[in-house]
Amino acid sequence: MGLLIDGTWHDQWYDTKSHGGAFKRSAAQFRNWVTADGTAGPSGRDGFKAESGRYHLYVSLACPWAHRTLIFRQLMGLRDHITVSVVHPDMLDKGWTFARDDHGATGDDLFAFDFMHQVYTKADPNYSGRVTVPVLWDKQQGTIVSNESSEIIRMFNTAFDGITGNTRDFWPEALREPIEAVNARIYDTVNNGVYKAGFATSQEAYDAAVHPLFDSLDWLEDLLSQHRYLLGDTLTEADWRLFTTLLRFDPVYHLHFKCNRKRIMDYPNLWAYTRELYQIPGVAETVGMDHIVRHYHYSHDSINPHRILPINPEIDWMEPHRRG
Ligand SMILES: N[C@@H](CCC(=O)N[C@@H](CS)C(=O)NCC(=O)O)C(=O)O
């Protein structure tokens, strides 16, 4: 685990000391947008037109943020148009690597690099900051378009529709405002909430994260007893953003991040909803449970110093969900 400072790699764990033991996630720095005609998006510059074969996605199968982008690539019919490389699940002193394994780590298909940080310095030799996945790479200009998953999924939602003929829309105009409101609470208390609980290095920081997390799960359980999806009858990006955290909850966050007041399995509606989303055609193919369980337990040796992988509950993702 580390970061780049002026283009040089430093092996360094998250700095929680200066924030009273609390984990603070830093903002992604590459914020351009692929658009249908190459005009600029909401941030960054123009020049990233949607074209088949032009873009490459670097992901970890373990990572919930990267997982969102894989789900959108799959469901928006982008598999033949956007290529993918998968990093190795172990993120140790050199950060994400391109070592291969038998369970889906592919190596770097573009440059045959050894480390993810080399992709960042290829885009910007003086880059300072964390080296995170996902990364959307432009093969034409040889640079990073974006390393912000919430924006990459919005690009994938519509920018390539003229090429793919996709008609699905997980960010419909009419629901954008309520989607933002639901996303904001879920991001802070659930998606990032599990990390804040897990990476806390003081009791206060842990308490400040874990209580809002379970308050939100109670709220979501109630919401999903009334509606099929978060925004009603329409499946939206808010559901996919929640899904990648729910999927990792019982196998990882419950034990490793000490989010253990309840499991997702203990909430009838949340559990059935998680299975419903998992069972949507194409989604199961994006799930790399081996990498999920391995990555967290093996990489975070300050939390799990002996790197022992737990036995974990048996989970039947294909059990009928009976929703709808
Ligand atoms: N804002 C980013 C966050 C991505 C992120 O934090 N990814 C994690 C993996 S789950 C990572 O690569 N962490 C490496 C690090 O922080 O050094 C996004 O949503 O795209």
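Whatever position you read off the sequence shown (first residue = 1), add 22 for our numbering. Backbone N, C-alpha and C define an ideal beta-carbon position, used for all residues, glycine too.
Exercise for the section: With a 10 Å radius around its C-beta and 16 neighbouring C-beta atoms as the bar for buried, classify H328 as buried or exposed. Expected result: exposed
Practice task
Could you say which of P200, T211, S238, H78 lies nearest to L253 if we only look at CA atoms?
Solution key: P200
Handout entry: Reduced DSSP secondary structure (H/G/I, E/B, other) of D136
Key = coil
Problem - Reference L257; option with closest CA among Y300, F135, Y36 - result: Y300
Exercise for the section: Identify, in the order they occur along the chain, each residue of the same chain with its Cβ nearer than 6 Å to the Cβ of F137, setting aside the five sequence neighbours on each side. Expected result: So the list reads K116, T119, once near-sequence residues are dropped.
Exercise for the section: Work out the CA separation of I27 and D244 for me, nearest whole Å. Expected result: Rounded to the nearest whole angstrom, the CA to CA distance from D244 to I27 is 45 Å.
Handout entry: Heavy atom of ligand 1 within 7 Å of C85 beta-carbon
Key = yes
Problem - contact_flag[the region 70-86, the region 188-208] where n(CB pairs < 8 Å) is 3 or more - result: no
Practice task
Determine, using beta carbons only, whether H125 and H313 come nearer to each other than 8 Å.
Solution key: yes
Handout entry: CB of A306 within 8 Å of CB of R345, strictly
Key = no
Problem - CB contact flag (T296, L269, <8 Å) - result: yes
Problem - Helix, strand or coil at D229 [DSSP, three-state] - result: Looking at D229 - three-state DSSP - the assignment turns out to be helix.
Practice task
Quick one: give me the first and last residue of the beta strand (DSSP E) that Y80 is part of.
Solution key: 77-81
Handout entry: CB contact flag (S238, T211, <8 Å)
Key = yes
Exercise for the section: Could you round the C-beta distance between M53 and E170 to whole angstroms and report it? I think they count as a contact, below 8 Å. Expected result: The displayed chain sequence assigns Arg, not Met, to residue 53. Right, their Cβ atoms sit about 6 Å apart.
Problem - Residue range of the unbroken beta strand (DSSP E) whose run includes L158 - result: 157-160
Exercise for the section: Tell me, to the nearest whole angstrom, how far the beta carbon of G220 is from that of Y275; I am working on the premise that it is less than 8 Å. Expected result: Contact holds; Cβ gap of about 7 Å.
Exercise for the section: Tell me whether G42 sits in a helix, a strand or coil according to DSSP, three-state version. Expected result: coil
Problem - Straight-line gap, G69 to G164 (C-alpha atoms, nearest Å) - result: 12 Å
Practice task
May I have the straight-line CA-CA distance separating Y217 from A203, to the nearest angstrom?
Solution key: 21 Å
Exercise for the section: Compute the minimum distance between the beta carbon of V141 and the heavy atoms of ligand 1, and state whether it is under 7 Å. Expected result: no
Exercise for the section: Report yes or no: do three or more beta-carbon pairs, one from the region 315-326 and one from the region 103-114, lie closer than 8 Å? Expected result: yes
Handout entry: Buried/exposed call for W35, threshold 16 Cβ in 10 Å
Key = exposed
Exercise for the section: Count the other C-beta atoms from every protein chain shown that fall within 10 angstroms of the C-beta of I104, then say buried if there are 16 or more, exposed otherwise. Expected result: buried
Exercise for the section: Please find out if some non-hydrogen atom of ligand 1 comes closer than 7 Å to the beta-carbon of A50. Expected result: yes
Handout entry: Residue nearest to P234 in terms of C-alpha spacing, selected from A127, R207, S65
Key = Residue R207 is the option with its Cα nearest to P234.
Handout entry: Distance, V81 Cα to D160 Cα
Key = 15 Å
Practice task
Give a single yes or no on whether P273 has its beta carbon closer than 7 Å to a heavy atom of ligand 1.
Solution key: Annotation for P273 indicates a beta carbon at 7 Å or more from all heavy atoms of ligand 1.
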